[in-house]
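**Q**
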Amino acid sequence: MKIFVKALDREGVAFLDLGNKFKHLSDAKVKEGMFIGPQIKAVFRDEEIEKKKLSEAEKAAWLAFKSVCTHFLGNKKAENYEDLVGDMVKCFRVIGCNMSLKLHVLDSHLNFFPQNLGAISDEHGEIFHQDVSMFEKRFSGRWNRSMLAEYCWSIIRGTQSDAYKRKRQKKKKSF
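Numbered according to UniProt numbering, the sequence shown spans residues 1 to 175.
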C-alpha cells in the first residue's frame with residue numbers, strides 16, 4: 001500500500017480523497033502511505049476509488065494489489081498466485097513505483113511462502129519487517145544491490161550485521 005500511495009499523483013483525485021478519508025492522520029503519514037490494517041481494509045471496501053478516482057494505469061495497479069492481498073497473502077493461496085504477483089509488479093512499474101526490498105523479496109522468492117500464509121504466526125513476518133526497516137534506515141531508504149546483498153548475508157550468517165562492523169584500532173602512542 002505504501003509503494004502504491006507514493007506513486008499516486010499528489011494533485012490527483014484519489015490521493016486527495018485519501019487525505020479526506022483519513023483526516024485524523026497527518027499529511028506526512030498520508031504522503032508516505034503509512035496505513036494500518038483497518039485503514040487498508042476501509043480503502044479496499046471503498047468502491048468509488050476504483051470506479052471514478054484512479055487513472056487507467058493506477059486502477060490496474062490497484063486491482064492487481066488488491067488481488068494479491070486477497071488471493072495470495074490471505075489464508076489460502078490461489079492457484080495462479082505467481083501470475084498475480086507478476087501482474088502486480090508489472091502494473092507497479094507502469095505507474096512508476098520504486099522496487100522496494102519487500103516487493104523484490106515477494107517477487108523473487110515466491111516459493112518460500114507457505115500455502116497457508118495468513119493462518120500461520122505473524123512473528124516471522126514481523127521479524128522480516130523489522131530487519132528490512134533497519135536496512136532501509138541504514139541505506140537511507142534507497143534500494144540497491146548492496147543493501148539486498150547485506151540483508152541476504154545477514155540471513156545466511158544468522159546474526160545482525162552490526163556485530164561485524166569494523167572497529168577502529170587504537171593507535172599506539174610512542175614517546
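We put the beta carbon where it would ideally sit given N, CA and C, even for glycine.
Closest to residue 145 by C-alpha separation, out of 79, 43, 88 and 100, would be which residue?
**A** Nearest Cα to residue 145 within the set 79, 43, 88 and 100: 100.
**Q** Unbroken alpha helix (DSSP H) runs of length 4 or more, entirely within the region 15-55: which are they?
**A** 27-32 and 37-45
**Q** Which residue comes first and which comes last in the alpha helix (DSSP H) that contains residue 72?
**A** Premise fails: residue 72 is in no alpha helix (DSSP H) and is neither H nor E.
**Q** By Cβ distance below 6 Å, which residues in the same chain neighbour residue 97 in space, the five residues on each side in sequence not counted?
**A** 3 and 7
**Q** On the premise that residue 53 lies in contact with residue 17, defined as a C-beta separation below 8 Å, what is that separation, rounded to the nearest angstrom?
**A** 6 Å
**Q** Can you give the Cα-Cα distance for residue 14 and residue 49, rounded to whole angstroms?
**A** 6 Å
**Q** Are the region 73-84 and the region 34-46 touching, with three or more C-beta to C-beta distances below 8 Å?
**A** no
**Q** Specify, as a first and last residue, the run of the alpha helix (DSSP H) that residue 149 falls within.
**A** 145-157
**Q** Give me, in chain order, the residues of the same chain whose beta-carbon lies closer than 7 Å to that of residue 30; leave out the 5 immediate sequence neighbours on both sides.
**A** 18, 19 and 22
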